Structures are given as structure tokens and as C-alpha cells.
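Residue numbers (the numbering used here): 3 to 349.
Written as C-alpha cells, this is what we have:
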């Protein structure tokens, strides 16, 4: 069987040339905008916050500020606006914001737990060219799925949501506009091959990765060992090569993909704080009193975004240095230095 690279997800389907130009021109291809930290679930590994009670005092970004940020991002080269949280679909003006993004010829990608999606909302999201990444940590075991969102009974709801989105046609495009997001833990590791196969069979992007030890994840007891991580990655590679004809290098933290966040993106929190990514709490600036252009041109921002030239240890001499830098979130939270070698890697 002739093997090829696995398919990508609409909105994250940047070419190598686009990424290299983004690095060269000190521009961006997307931003991640956290509308708030409010969420209706309590995933015990979530990077968002350690204390569940913290959400009671959290406010969301204003609609006018969100629009201003989106226009700045477009001016700085962005093609995609990723909406995160918390749960972004809780945001009071989520439809208005999506319509605004779409009217500016930008792609909306939403990370969602899927619990708030019904047929009417799915139709609106489809018509506004949204790509959805839906939390999906178990294919056929309700106890596993419910445990991984804080022992909240959502299994049937998530199953129904996926059916609604498939019926609406999110997985009928190339690249697909539907992904399932799974983190690999001791709790659901037996489910991962099932989820992966289900996704491939249905033209759904399998967004599967190791847990980043940030936020609640720092205290999560179900993180798997490096050896088990390596084994599951090779198991999924075997499925891809022998059943679907795709091949890729099995290296952490993402299955069949590699992180390009530092080359292409900025993370903007609901309070205006700008970070290299959601799990690295280094403040690069504040969008309330600085522009994206100004933040991109800071020396610290440039140093971090040019990670391939500043990375240390084995990562610096690795044969995959030009295309992979591991997980900077895990590296930062485990070692305290964003430039250290990635301690979870087995390559």
C-alpha cells in the first residue's frame, strides 16, 4: 500500500511554505482567543485553572474588544481565529462573534466540549464555515467519558452531538471540518485505538495528544508513563499504515501531527494577557494596551517564536529539529525553562 501523509483539519491546514513565511516575516497565521474561563464541565486535567471554584469570579472578554483583536490578527496575517475557553459556546454573543469572523473572510475553529450543540446551532455553525474540535475521550464506555469530565454524565450527549455534526456534513469536506479531541490517560488509554479508528473511518480528524502538566493537569494522577505513551503512538501508527495508508513519525505530544503553535500563533486570554501558548504562563504583553504588531516585535516574543534556534539539549541536535520542538508547555511546566529539551520525548 502506498503510504501518504495523514489529512489535516480545515483552519489548521497551513502549508510548509506558509509556516516558513510566517516565521520569516514575523507574522501570524492564527490566534487562540480565550473568551472566558467559564465552563460547565470539570475536567481534572484541564490547563485552564486548578481550582474549580475560580470560575465563579471569572468574566469574559467584551464583544467589542474581541472584534478589535480579530481585526488586529487579520492585519498581522491571521487566516484562522481559534476560540477557546472555558467553553466558548457559553459566551453570550458567540453567534455574533462567529458571524463577524466569517464576514471578514477568516476561518473560525472552536474547541468545545460539545454539550451545548443542538441541530439549530449545528446548522448555524456549518453555514458560517466553522470547524469544530469536540471533546471525545471514550467511544463506547460511558463511565470513562464521564469520569474524564469530572464525573458529569455527558456520554450520551456527546454521542448525539457527533451524530448531529456528521448529519450536518461537517465531515464531508476535504479538509474535514470536524475533529474529536482526546487526551491519553490511564483512564481511557484502551479507548484511544477505537477513537482513532472511528475518526479515520468517518473523515474526522483525530486530535489525540498527551496531557500537558499545566493548570489542573499538574496534579492529575492519571498521566501515563513515557513507555506507555510510546507504545500507544506506535500502535496508532500501525493502524494508520496498515488500514488507512497514512504514515507519520511517532513522537510526542501529538498523534500523527506536530505542533506549529510557536511558529504561527499567539494565545490571548480573556483578560488581555498574551502568552506563547495556553499552557505557558509567560506574559508577552497585554492586548488592552499593546497591539499584536507591537507584541510580535518584542525581543522576547521573537526569541520564543524562533524556538528552533534557541532550543537546548538533545532537542537542539535532534534530526527533527526543523519540524518539531516537542511540547513547550510540558517542558516549561516540568523544568521551568521553555527552551529546555523536551523531557517526555523518546525519539
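Each residue gets a CB set at the ideal place from its N, CA and C atoms; glycine is no exception.
Computed from a prediction, not measured in an experiment: that's the story for all the values here.
Exposure of residue i, with buried meaning 16 or more beta-carbon neighbours within 10 Å
i: residue 34; result: buried
i: residue 311; result: exposed
i: residue 135; result: buried
i: residue 209; result: buried
i: residue 251; result: exposed
i: residue 178; result: buried
i: residue 271; result: buried
i: residue 89; result: buried
i: residue 287; result: buried
Residue closest to residue i, alpha-carbon to alpha-carbon, out of the options
i: residue 171; options: 43, 148, 133, 146; result: 133
i: residue 38; options: 275, 349, 328; result: 275
i: residue 200; options: 213, 125, 284, 183; result: 183
i: residue 255; options: 222, 345, 328, 123; result: 328
i: residue 23; options: 262, 271, 318; result: 262
i: residue 204; options: 267, 299, 285, 164; result: 164
i: residue 87; options: 124, 64, 41; result: 41
i: residue 64; options: 77, 76, 81, 36; result: 36
i: residue 193; options: 233, 146, 127, 91; result: 146
Backbone CA spacing between residue i and residue j [nearest angstrom]
i: residue 226; j: residue 66; result: 42 angstroms
i: residue 249; j: residue 257; result: 11 angstroms
i: residue 228; j: residue 70; result: 42 angstroms
i: residue 346; j: residue 332; result: 8 angstroms
i: residue 283; j: residue 330; result: 11 angstroms
i: residue 314; j: residue 167; result: 43 angstroms
i: residue 337; j: residue 281; result: 13 angstroms
i: residue 157; j: residue 62; result: 27 angstroms
i: residue 20; j: residue 245; result: 31 angstroms
i: residue 6; j: residue 302; result: 38 angstroms
i: residue 1; j: residue 154; result: Residue 1 lies beyond the stretch modelled for the chain, which goes from 3 to 349, so this question has no answer here.
i: residue 108; j: residue 300; result: 26 angstroms
i: residue 191; j: residue 348; result: 18 angstroms
Cβ shell of residue i (< 6 angstroms), same chain only, five flanking positions each side left out
i: residue 335; result: 215, 216
i: residue 306; result: 278
i: residue 309; result: 264, 327
i: residue 15; result: 177
Cβ-based neighbour list, residue i, same chain, cut-off 8 angstroms, excluding 5 preceding and 5 following
i: residue 151; result: 43, 44, 45, 115, 137, 139
i: residue 222; result: 46, 47, 187, 213, 215
i: residue 27; result: 79
i: residue 339; result: 314, 333
Cut-off 7 angstroms between Cβ atoms - residues of its own chain near residue i, not counting five sequence neighbours on either side
i: residue 326; result: 253, 260
i: residue 149; result: 189
i: residue 104; result: 110, 130, 131
i: residue 195; result: 237, 238, 241
i: residue 55; result: In this predicted model, residue 55 has a pLDDT of only 42, less than 50, meaning its place in the structure is not dependable enough to derive any value.
* Can you find at least 3 beta carbon pairs, one from the stretch 139–147 and one from the stretch 83–98, that sit closer than 8 angstroms? -> Output reads no: the stretch 83–98 does not touch the stretch 139–147.
* **Meets three-Cβ-pair contact criterion under 8 angstroms: the stretch 284–294 and the stretch 173–185** => With a cut-off of 8 angstroms on Cβ pairs, the stretch 284–294 is not in contact with the stretch 173–185, counting fewer than three such pairs.
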